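Visitor: Note that our numbering has the sequence shown beginning at 28, numbered continuously upward. Ideal Cβ placement from N, Cα and C applies to all residues, glycine included. Treat the numbers as computed from the prediction; the structure is a model and nothing was measured. First the structure, then my questions, so here it is.
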Amino acid sequence: MKLWSKGFEPDKMIEEFTVGNDRELDMRLAQYDVEGSMAHIRMLESIGLLQPDELHKLLEALEQILGEIRRGEFTIEPGIEDVHSQVEFLLTQRLGDIGKKIHSGRSRNDQVLVDLKLFMRAELRSIAADVKTLFDTLQKLSEEHRDTLMPGYTHLQVAMPSSFGLWFGAYAEALVDDVELLAAAYRIADQNPLGSAAGYGSSFPLDREMTTRLLHFRTLHYNVVAAQMSRGKTERAASMAIAAIASTLGHLAMDVCMWMCQNFGFVSFPDELTTGSSIMPHKKNPDVFEIMRGKCNRLQAVPNEIALLTANLPLGYNRDLQLLKDIIFPATAELRSCLRMADFMLHHIRVRKDIIDNPRYDYLFTVEEVNRRTLGGMPFREAYRTVGMEVQNGTYKPNKEVHHTHAGSIGRLCNAEIALKMQQAIDPLISSAE
Ligand code: ARG
């Protein structure tokens, strides 16, 4: 039986095709659906569409459903289309006619929107917390290995001295930019669409400011059409932040894969964190980071997938939008699992301390030599030429001391400054109400 049933049941095949795995996905929204309904009925009572005792009974029943959801006892029954229908069905089953009053001034279109906004807020906050954990680990490693030099490359050719302090710290700071995008996506999600109903408002005098306060939204999507347009746009903004984090993480994963390669041998992991080969007995492969790289690359396709799904849709609700859930839900989960895995692995990373003793890396120090001569009074171009000639005729001898003192260099990583930047970027996400 459907909420919208008018005396005939739709064809079974049509039902399966249009509902698909939506029930399963909706289970993730159940808690938010109930919270949205609680705010909606409080507001209905305030404008006289529910009596105080009716409100009381409904709130009690919704509280009970919330408990069932938390205990894992809530299901969307066969034949019930979605979470919105299931909650209304339970209320009607348990309270009779009172349950049938809850949907005044509301449509599943704004109901799912509000569920998704609440869901996205919570997911973005969880992602932020996972990013912060990884950030802290990276910064700690950066401090721990601040004096361990490693080669820096340009064009994948030995270039200038770098350090593990610089490398770990670089990924920490890159995450700050990603968090700026995450915070922007959060601000976009943090707006109340409830009251837009099917997409064109209602002739009931809905108090939308009240539901905004009750659900702790920063503001409203005022224009009811804009509120409906936000479906897809919210997910798209979130997916862009997800893609940004995935890009940083994927890059880190690539570095690790390369530096675990015997030709580099810069980092390693305990045997139990590597994987073997079915034929080559010596193998200790970096599968974790390869899977991470692959997953992060896939995650970067998500904004595109959303863009294509929503391209040129007519204004107002269209059922295509339902499919957004199947894109964004797995994406947030996938990103979080990658973030947690990266953090776990980095706790076990082993860093090789004597890399630059290898004469293979002698040329890393040519620029240091040029600069030393320049500081001694030789014009830079002249110093460059003399060192260049020594390299050319094989007489160049590296001096492996490095003195980098400016902000952000090997000798002055500025990790505290970067931590402050992260704090400011992440604050709206971590400390937000609720
Ligand atoms: N499952 C639907 C979705 O995610 C809920 C809204 C249904 N609205 C409708 N007009 N059929 O979009």
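Does the stretch 255-267 come close enough to the stretch 197-204 to have 3 or more Cβ pairs within less than 8 Å?
Guide: no
Visitor: Going by the DSSP bridge assignment, what does M497 pair with across the sheet?
Guide: Outside the displayed range of the chain (28 to 461) lies residue 497, so it cannot be described from this structure.
Visitor: Between L350 and A57, what straight-line distance do the alpha-carbon atoms span, to the nearest angstrom?
Guide: Cα-Cα distance, rounded: 17 Å.
Visitor: Whole alpha helix (DSSP H) runs in the stretch 97-173 with 4 or more residues, listed along the chain?
Guide: Runs of the alpha helix (DSSP H) lying entirely within the stretch 97-173 and spanning at least 4 residues, in chain order: 110-122, 135-171.
Visitor: By Cβ distance, which residues of its chain are closer than 6 Å to F407, with the 5 residues on each side in sequence left out?
Guide: T401
Visitor: Going along the chain, which residues of its own chain have a beta-carbon closer than 6 Å to the beta-carbon of K310, five neighbours each way excluded?
Guide: G303, S304
Visitor: Once you ignore the five residues that flank S189 on each side, which residues in its own chain have a CB closer than 6 Å to its CB?
Guide: M177, G179
Visitor: Where does Q184 fall in DSSP's three states?
Guide: strand
Visitor: Return helix, strand or coil for S476, following the three-state DSSP convention.
Guide: Residue 476 lies beyond the residue range present for the chain, which begins at 28 and ends at 461; the question has no answer from this structure.
Visitor: Run the Cβ filter for me: residues under 6 Å from any heavy atom of ligand 1, listed in the order they occur in the chain.
Guide: D49, D109, R135, N136, V139, Y344, R346, L348, Q349
Visitor: Do you know offhand how far L71's Cα is from E51's?
Guide: 30 Å
Visitor: Any idea what DSSP makes of T432, helix, strand or coil?
Guide: coil
Visitor: Using C-beta distances below 6 Å, list every residue in its chain close to L145, excluding the 5 sequence neighbours before and after it, in chain order.
Guide: Y59
Visitor: Consult DSSP for L247 and reduce its assignment to one of helix, strand or coil.
Guide: strand
Visitor: Pull up the CB-CB distance for F296 and M372, whole angstroms please, since I reckon it's below 8 Å.
Guide: 7 Å
Visitor: Just to confirm the assignment, what range does the alpha helix (DSSP H) spanning K352 have?
Guide: 351-373
Visitor: On a Cα-Cα basis, can you pick out the residue from A225, D314, A197, I354 that is closest to C327?
Guide: According to the sequence displayed, residue 327 carries Gln and not Cys. Distances from the CA of Q327 to each of A225, D314, A197, I354 were compared; the closest alpha carbon is that of I354.
Visitor: Straight-line CA distance for A460 to I96?
Guide: Annotation note: pLDDT 49 at A460 (below 50); position unreliable, coordinate value reported separately. A460 and I96 have their C-alpha atoms roughly 22 Å apart.
Visitor: Measuring only the C-alpha atoms, how far is S436 from L193?
Guide: Answer to the nearest angstrom: the Cα atoms are 7 Å apart.
Visitor: Under 7 Å Cβ to Cβ from Y213, same chain only, skipping five residues before and after it: list those, please.
Guide: R148, L151, P455, L456
Visitor: So for T302, helix, strand or coil by DSSP?
Guide: strand
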